[in-house]
Structure formats: C-alpha cells, structure tokens
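Just so you know, the protein sequences line up as chains V and C, in that order.
Under our numbering, the first residue of the first sequence carries the number 3, and numbering increases by one thereafter.
Under our numbering, the first residue of the second sequence carries the number 50, and numbering increases by one thereafter.
Every residue gets a Cβ at the ideal spot worked out from N, C-alpha and C, and that includes glycine.
Have a look at the structure below before the remarks.
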Amino acid sequence: MSIPTTNDQSVKMDKANKRKYLLEKVSSKVFLICALLSVLTLLLIIGFVFYKGAHPFVAGGYSFTDFLLGTDWVPSEDKFGILPMIVASIYATIGALIIGVPIGLFTAIFLAEIASKRAAKIISPAIQLLAGIPSVLYGVFGLAIIVPFLQNTLGLVKGQSLIAVILVLAIMMLPTIVTVAETAIRAVPKTYREGSLALGVSQIGTIFRVVVPAAKSGILTAIVLGLGRAIGETMAVILVAGNSLILPTSLTDSIRPLTTNIALEMGYAAGTHQEMLFATGIVLFSFILILNFVLAKISAKGGN
Amino acid sequence: MGIIGKLKFALLIMVVLAVLSACTSDDKNSSQASTSKDETIAISGSTSVGPLAEKLAHKYAEQNNTNIEINQIGSSAGITNAISGVSEIGMSSRDLKEEERANKLNEVVIAYDGIVVVTHPSNKVKDLTLEQVKQIFTGKVTNWKEFGGDDMEIVVVSREDGSGSRDAFQEIVDYSSGQLIKNAIIASGNGNIKTTVANNKHAVGFISFEYIDDSISTIDINGVEATADNVLEQKYKLSRPFLFVFKEGQLSEAGQRFIDFILSQDGQSIAAEAGAIPIK
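Structure representation (structure tokens):
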C-alpha cells in the first residue's frame, strides 16, 4: 500500500518538476528572442542603409570620393556632393559643444557639490523635463524665438543660420551632459574631498583640482553622449538651419547638416537621389560609429 | 423554479430569434450596399494636391460609405506608390516624367493650381516679370531696390529638390536646380515657406494659391494678378495641373466613382472652394 503511494507522489513530483523546467526553458528562450530582436533590428537597419546607400557607388559608377568631397548637391542634375553638409554638421556640433559643455558641466558641478537640497530639488527635475521635450518643439521654439531674435538684434537678413542651430543644439544637449556628468561627480569618493579640504584647499579649488579630475572619464562620456545627440538631431535643426547648400564660412550663413538633408528630401526623392540620401545616412552612421568607439575607449580607461 | 426555468427558456428563444433576424436583415443590407460599404481607396502623393483631395474625400464620404485614406508624402513618392501598387491612386502636382510614364500610368487632371510669388507685406515690390523672377531666384539680382523696392538684400526661399511645386515653378520660370542661388533658404512644404516669408521682410518665396492669406503679399506676374480666372484664361503664367495617376487597369470601381465625382459639377465646385482652379 505504501509503495504505490510514494510512487504516485514521485510521479507527481516529477510532473511538477518537468513543468517547472519547461517553464524555465521557455522563458529563457523568450528572453533570448527579445534580446536577439534588437540585434536583428540593428543588423537590418545597417544592412538596409548600406545596401541602398552603397548601390550607386557599386553599380551606378559614382565615385565615393566625389560624393564626400563634392561641393554641389543638385539631385535633379545628377550632382551629389555632401562636403557642405559634412562641414555644416561638424561646425554645428563643435559650436554647440563650445556653448553647451561649460554650461552643462558647471550645472552638474553645482547640483552635485554646491547646491542646497532645496535648489537641487527644483533644478534637477527641470533639467530632466528638458530632456523629455520632443525635439520638434525645440525647433518650433527656435523658429519662433531664436530666429527672429537673431534677425532683429544682429541685424541679419535671415535668422536661419549656423548660430541659430548652435544655440538650439546647445540647449538640447544640456540634459544629457548634466545628468551623466552629475552622476560621475557624485561617484567620486567623499574621502577625496575631505583630504583636499583638510589640506586647506578651498571648496572651488577642491572641485576643480580634485573632484573634476577624478570624475574625468565620466565627464568625457557625458560630452561624447551630448555630441552624439547634437550630430544626430534632425527635427529641431531642420526648422532653424535654413538648409542652404553652401559651405558655411560664417556663423550667420544658413547651413544644411547631414541629418536635415535626408529628412528634407526623402519624401520627394526617387531612384539614385534616394540612394544618395541613404549614402548620406552611411556617412552620418560612420560619425556615430566613431563616437561610440571613442566612448568605448573612454569607458575602458575609466575602468582601469 | 419550473416557471422561472420556462421563462428563461422563452427568453433565450426570443434572444436567439432577435439575433438571427438582426443578422439576416444585416446580411440583406450589406449585400445591397456591398458595392460601396467597407471599400477603401488608398491615395498618396503631393502635399499640394493633398488638402484638396482631403476636402473632396470628406464630401464624398458623406454621401457614400467609401473609406478614403490620403497620405501626403510628395508627388514622386505618390507616383512611386501608384506604380508599385501600395496606393491605388497617386497624387501629383507636376507632369509625369518619362520614366514614370513608362509604367503604363493613366493620368487624370482634376484641377489646376496657380503658383504665386510671395513677399513680406511691407515689401513695396508688387509686380515682376517672369524674367525678373528668374533673376531673383538665380541670384543675378540680390537687392530689392533694383525693382523699385527698398534698399535691402533679397532672401530667396525655395522648396526642396524633388518637390512638385519647385519642379513646376522652375520649369515655368525657366531655371534649373543648379542655377538656384546657393544661399537660398530651403523650406519643406508650402506652410513652412509662408511662415518664413511672413517673418522676414527680406524674403521672397513661392506657394500654391490655396495657401494665400493676409500674412504675405502676392506679386503680379507680367502685370497679371494671381487669380483663378487669370489662370483659366491662360493669362497668368505660373500655373500647373493637379493629377490623379493610377496604373492602367488597376483602378477599382470605387476609385473610378471617386474620380467621376471629382470631375462632376459638385466635385469641381469643391475644388474651387478649396482654392484650386476647376477644369471647367
């Protein structure tokens, strides 16, 4: 009598265990599929952009160097040169860094080191909210406020200009820089500050000679991430850039960065024109890839 | 209990009968109306034709049960969709290119559109010849004083390369994309051009008739005012056709009826109300 019951029980246990293991297996597979999905998406995007973008150079007989170094972009006359856009993208990004990095860094230092809890409580959420504003609204703001402001105060014939783009991008990259840099500064051990202060260094001296150097890799990461945001931004820029096809020589020239070239013309493009826009995407993608590479290097150094 | 059970049973039967009768009557209705109900016409293309097509579709949907989906994605994209079958009908605000026509496309002119050169309301220049317009857009003349305006720089605003409005404008004014003054502001869409011109006293741009309002000032061409009548009488030079294109033999009955409606008296008067120029 007792033997069959234990058998029954062990059979039941086996069943329960089997089900448990099955569930385990299934769920791990589900997670794997989810993880693979994002990798797959990435591969699809890269594959598609490169396939479309490389086509005119591989099959169409266009020269890639002419594409990169050409100064004329006239799709209807078969002229595809994106040098003005590459230069515009680089100028706009550097300009935004020059304005955005000091402001962002000082904000981060203020929040992490100097601000009272009450001040931080107001400023921190405000900055996070800034990050959540849809980029097209930055563009509308730029078009409605910054462009007329530049037109009136600087006496420009048109406010759509490199400087307008720089200002909008500088504002847009602030949240990224502030949040990442603040985290990095907060991660610096308290003992560093105490040691420095004990040696008689002032608070500001401590911040710039001890804390900031200690948080260097985190701050660099913040800057590179901000840079990535600036170079990839499209909707805000398209409204304030003017999108002219000239090699920018002054801050007041209207410019067309790589991103807006794609967004502006994709709706109307067909054939080679469309493929050349994908090729523009490849160049933009390479920029982002280089940035990510730099970022990986910085984090690796920070780890050591 | 017995009584309640019987009542329940009776109720059940009544419900079943009601549902059945509803179904059958529904079936009759739908079979009668099946020629128009739940049909969808997918239309995509020009942002210039789009607003007009929206209005026509709205009126048409009031009288018919046809579902009309309109996507404003630009002439070239719309024509491509019509060729590939993504959309049943493509909208174009320019004549078809040869390579597009090679795909056995049928085209129907549903209305005409006038393009108007616009400036800031404060601008004193109100009349230009086509040649002068060309000089402005190709950068030969860069100051308004040459045409009797104030001594200030001209800021040219143009649509993007590939836009139907831009193609039409350039073809009529007779300059190529390569000749367009390099530092021209490029704005996407009629509305965007209007806003840019309305906010800049130096600016000059071109938009469809439909977008004319008080925020901008319109320029007469060769002394002819930009009005629908002048377009139909072919006095006003800056005009172009609005096309519906579809693949030969691919037009559904519903699509054909919609096009018939557009070409009817009713449809054409809607086109006129929308600011386009009716064909009759």
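- Under a criterion of Cβ atoms nearer than 8 Å, the residues of chain V adjacent to H251/C are, in order, V159 and K160.
- Neighbours of K81/V in chain C, taken as residues whose beta carbon is under 8 Å from its own, are G227 in chain order.
- Across the set L229/V, S65/V and F108/V, the C-alpha of L229/V shows the shortest separation from the C-alpha of V296/V.
- Scanning chain V for C-beta atoms nearer than 9 Å to the C-beta of K153/C yields nothing, as the closest lies near 17 Å away.
- Secondary structure note for M140/C: its beta strand (DSSP E) is the uninterrupted segment I138 to S141.
- Taking one beta carbon from each stretch, the region 188 to 202 of chain V and the region 122 to 130 of chain V have fewer than 3 pairs nearer than 8 Å; the two do not touch.
- If only uninterrupted alpha helix (DSSP H) runs of at least 4 residues are considered, those enclosed by the region 242 to 287 of chain C are 277 to 281.
- The C-beta of Y270/V comes closer than 8 Å to at least one C-beta of chain C.
- Here V103/V is not near I233/V, since their CB atoms are 8 Å or more apart.
- Contact residues of the region 209 to 241 of chain C toward chain V are E209, D210, G211, S212, S225, S226, G227, K231, N232, A233, I234, I235 and S237 (C-beta to C-beta distance below 7 Å).
- Interface criterion not met: the Cβ of E195/C is under 8 Å from no Cβ in chain V.
- In this structure, I261/C sits away from A247/C, with a CB-CB distance that is not shorter than 8 Å.
- DSSP places I135/V outside both helix and strand once states are collapsed to three, so it counts as coil.
- The beta carbon of V204/C falls within 8 Å of a beta carbon belonging to chain V, placing the residue at that interface.
- Under the rule that a run must span 3 or more residues, no beta strand (DSSP E) segment is found entirely inside the region 160 to 223 of chain V.
- For Q153/V, the nearest beta carbon of chain C is closer than 8 Å to its own beta carbon.
- Taking C-beta separations shorter than 7 Å and ignoring five residues to either side along the sequence, the partners of A98/V in its chain run I168, L171, A172, M175 and A232, following chain order.
- It is roughly 20 Å from the alpha-carbon of T261/V to the alpha-carbon of G161/V.
- Bounds of the alpha helix (DSSP H) holding S91/V are L85 to I111.
- Under the DSSP assignment, T89/C falls in the beta strand (DSSP E) whose first and last residues are T89 to G94.
- Annotation: N116/C is outside any alpha helix (DSSP H); the continuous beta strand (DSSP E) that includes it extends over N116 to Q121.
- Take P100/C, set aside five residues on each side of it, and the residues of its chain with a beta-carbon closer than 7 Å to its own are E259 and A323, in chain order.
- Annotation: the continuous beta strand (DSSP E) that includes L154/C extends over L154 to T168.
- Residue environment analysis places P215/V among the exposed positions, since fewer than 16 neighbouring C-beta atoms fall within 10 angstroms of its C-beta.
- A straight line joining the alpha-carbon of P259/V with that of E235/V spans about 9 Å.
- Shortest Cα-Cα distance from S237/C to any of H107/C, Q121/C, I319/C and T115/C involves Q121/C.
- Interface with chain V (8 Å Cβ-Cβ cutoff): G134/C is excluded.
- Of all residues in the region 61 to 78 of chain V, only D74, W75, V76, P77 and S78 place a beta-carbon less than 9 Å from a beta-carbon of chain C.
- Rounded to the nearest angstrom, the Cβ distance from S78/V to S207/C is 13 Å, too far for a contact under 8 Å.
- In this model, I148/V and G316/C are separated by some 44 Å (Cα to Cα).
- Identification of chain C residues near I248/V by a Cβ-Cβ cut-off of 8 Å yields K231 and N232, ordered along the chain.
- In the three-state reduction of the DSSP assignment, K299/V falls in the helix class.
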